[in-house]
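For reference, the structure is listed below as structure tokens.
Chains as they are written, first to last, in my numbering: chain A, 1 to 117; chain B, 118 to 232.
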């Protein structure tokens, strides 16, 4: 079974600085997708960024980028120029590429990010 | 476009009571899921469905039941509520074609407290 591990329960960053959230995963599959979700106090789950395992190029979305290391099974999220609105719980998630798994997402336990002035 | 709608947003149940959490989506998604979120535990899959009439258990199905009579609706039933079912519940949906490329569309969650 696939597992996703987020080893940082809490992180803190100053406004305008850069922070990196860590995620590792375990799978025997070669083709899969990885995601980072943001959950603000409103509880809504918001997709931040996704990465296809077959792509070597790291995904970027504005201030958000990932460092995807397939061999190491590592998928970290970098937030640049941090803003107060970035304060939230961040979840790393894995999804196998074949539909035989009903495309279920497996989540990590989350990292709570605080942004300070 | 409403996306995924969950009701209610909050509910307090007494031990032994039962209730149904409603979930409906208007995107014609085949795949639907129910997760529970406990502090420090991430999201755990309760049940999922790949289409109308087809449901299957996830990681933590005990104490819950589901049905999928239509593509749009995927209600979650709690029978004999227990304090261990105090949690935040999320419903989500996904397309079938190229489903894995994308994440889910989530509902806004239901905070359930069993006292």
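Using N, Cα and C, we set each Cβ at its ideal position, and we do this for glycine too.
Contact defined as beta carbons within less than 8 Å: I believe residue i pairs with residue j. What is the distance between those atoms, to the nearest angstrom?
i: residue 86/A; j: residue 113/A; result: 6 Å
i: residue 163/B; j: residue 181/B; result: 5 Å
i: residue 77/A; j: residue 66/A; result: 6 Å
i: residue 33/A; j: residue 2/A; result: With 8 Å as the limit, residue 33/A and residue 2/A do not qualify as a contact, their Cβ atoms being about 12 Å apart.
i: residue 111/A; j: residue 11/A; result: 6 Å
i: residue 4/A; j: residue 93/A; result: 7 Å
Taking DSSP as the reference, what is the three-state secondary structure of residue i?
i: residue 168/B; result: strand
i: residue 143/B; result: coil
i: residue 74/A; result: strand
i: residue 86/A; result: helix
i: residue 210/B; result: strand
i: residue 202/B; result: helix
i: residue 8/A; result: coil
i: residue 16/A; result: coil
i: residue 109/A; result: coil
i: residue 2/A; result: coil
i: residue 104/A; result: coil
Problem set entry | Against chain B: residues of the stretch 19 to 48 of chain A by CB proximity under 9 Å | Using a CB distance below 9 Å, the part of the stretch 19 to 48 of chain A facing chain B consists of 31, 32, 33, 35, 37, 39, 42, 43, 44, 45, 46 and 47, ordered along the chain.
For this session: Taking a Cβ distance cut-off of 9 Å, strictly less, list which residues of the stretch 49 to 79 of chain A are near chain B, in chain order.
Result: Listed by position, the residues of the stretch 49 to 79 of chain A near chain B (Cβ gap below 9 Å) are 50 and 52.
Problem set entry | Selection of the stretch 103 to 116 of chain A by Cβ proximity to chain B, strictly under 9 Å | If the cut-off is 9 Å between Cβ atoms, the stretch 103 to 116 of chain A has 103, 104, 105, 106, 107, 108, 109 and 110 near chain B.
For this session: Return the chain-ordered ranges of every beta strand (DSSP E) run that is complete within the stretch 21 to 72 of chain A and spans a minimum of 3 residues.
Result: 24 to 26, 32 to 39, 46 to 52 and 64 to 69
Exercise. Is the number of C-beta pairs between the stretch 198 to 205 of chain B and the stretch 5 to 20 of chain A that are closer than 8 Å three or more?
Worked result: no
Exercise. Given 8 Å as the limit, is there contact between the stretch 128 to 143 of chain B and the stretch 186 to 196 of chain B, that is, 3 or more CB pairs closer than that?
Worked result: yes
Exercise. Which residues, in order along the stretch 186 to 210 of chain B, keep a beta-carbon less than 9 Å from a beta-carbon of chain A?
Worked result: 205, 207 and 209
Exercise. Can you find at least 3 beta carbon pairs, one from the stretch 34 to 43 of chain A and one from the stretch 88 to 99 of chain A, that sit closer than 8 Å?
Worked result: yes
Exercise. Contact between the stretch 201 to 211 of chain B and the stretch 149 to 160 of chain B: three or more CB pairs below 8 Å?
Worked result: Yes, the stretch 201 to 211 of chain B is in contact with the stretch 149 to 160 of chain B.
Exercise. Okay, do the stretch 219 to 228 of chain B and the stretch 162 to 178 of chain B touch, 3+ Cβ pairs below 8 Å being the bar?
Worked result: no
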